[in-house]
Amino acid sequence: MKTLLVLCEVKYWHDFREGLAKVGVSFLGFYKKKPNRFEIDRLVAKADFVVMRNRNVAHHSVQFAKEACKATDTPFWISSNFGLETIIKQLSQTFPDESFESTDENKKSKRKIENRVIQKQNSLAESAQSKESQNYLKGKKKHLPLKSALKDFKITDDEPDFTKLFKK
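The letter at position 96 of the sequence shown is residue 96 when you use UniProt numbering, and the numbering goes up by one with no holes.
The structure is reproduced here in structure tokens:
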């Protein structure tokens, strides 16, 4: 089992942790505004591969990790944007003797989850449409004061004859 150190924002860790666990890779994450060289050296020593994001991460974190990787001969990869697929691709290129494929059960469960999400979205859309129709189809309210005020007022579809109106 390989260990991967990822230097990126915390908001991406959950997706990386789950996805890497499916392919048999353990996850280490680091993100601090003011990095400590000792912490980064310790994490790089634990990791078999280091992935660094050079956008929205403290410059010193990337610099310290790069120096630590060179000192310990740990392979590393720096990019501005990456996802789980690109990380797995980089791992398979760096370690060609190991397989980083997810199991069939995980693929089946992923399909089930996708189907559930689609069903939930469909049910939410249907409920929203029914609520809209219910709002418009509620019982007729009688506006008696308005009705009595507009009793003498008549609307016709014919165009008015302005010559008759202005002759007076």
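Beta carbons are placed, not taken as given, at the ideal position from N, Cα and C, and that holds for glycine.
Since the structure is predicted, the reported quantities are computational estimates derived from the model, not experimental observations.
No Cβ-Cβ contact shorter than 8 Å links Phe-30 with Leu-20.
In this structure, Arg-17 and Phe-27 form a Cβ contact; the two beta carbons are roughly 5 Å apart against a cut-off of 8 Å.
The Cβ atoms of Ala-71 and Ile-40 lie no closer than 8 Å to each other.
In this structure, the CA atom of Ser-79 is about 23 Å from the CA atom of Gly-24. DSSP lists Leu-5 and Phe-76 as the bridge partner or partners of Val-50. Between Phe-49 and Leu-7 a beta carbon distance of about 12 Å is seen, past the 8 Å cut, so the two are scored as non-contacting. Contact between Glu-101 and Lys-2 is ruled out by a C-beta separation of about 14 Å, above the 8 Å threshold. Annotation: the continuous beta strand (DSSP E) that includes Phe-30 extends over 25-30. Secondary structure at Leu-150: coil, using DSSP grouped into helix, strand and coil.
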